[in-house]
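Whatever position you read off the sequence shown (first residue = 1), add 20 for my numbering.
Glycine residues also receive a C-beta, built at the ideal position from the N, C-alpha and C atoms.
Encoded as structure tokens, the structure appears first; notes follow it.
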Amino acid sequence: MAKCIECDADVKLGSDVETGEIVDCPECGTELEVVNSDPLELARAPEEEEDWGE
Numbered sequence: 021m022a023k024c025i026e027c028d029a030d031v032k033l034g035s036d037v038e039t040g041e042i043v044d045c046p047e048c049g050t051e052l053e054v055v056n057s058d059p060l061e062l063a064r065a066p067e068e069e070e071d072w073g074e
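Shown next as structure tokens:
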């Protein structure tokens, strides 16, 4: 389990979580990225930029 960096809610993750995985906070909906799996650490997921058809 980890804490959301936005609202401090508990974010439950399975034992098979991998670095780079994107999860949503169940309380505020913030997209979070697993930046480290041991110890479990979350950060705000990077926003996807438009490629404008490139």
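What do you get for residue i, buried or exposed, if any count of 16 or more other CB atoms within 10 angstroms of its CB means buried?
i, result
"Cys48", "exposed"
"Cys27", "exposed"
Which first and last residues belong to the beta strand (DSSP E) in which residue i is found?
i, result
"Ser35", "Ser35 -> no beta strand (DSSP E), and no H or E assigned at all."
"Glu61", "60–64"
At the level of alpha carbons, what is the spacing between residue i and residue j?
i, j, result
"Pro59", "Leu33", "13 Å"
"Glu61", "Trp72", "33 Å"
"Leu52", "Pro66", "8 Å"
Sort out for me which residues DSSP pairs residue i with in a bridge.
i, result
"Val43", "Leu52"
I'd like the list of long-range same chain contacts for residue i, defined as Cβ closer than 8 Å, with 5 residues on each side in sequence excluded.
i, result
"Ile25", "Thr50, Leu52, Leu62, Ala63, Arg64"
Give every residue of the same chain whose Cβ lies closer than 6 Å to the Cβ of residue i, excluding the five residues on either side of it in the sequence, and list them in chain order.
i, result
"Glu41", "Val54"
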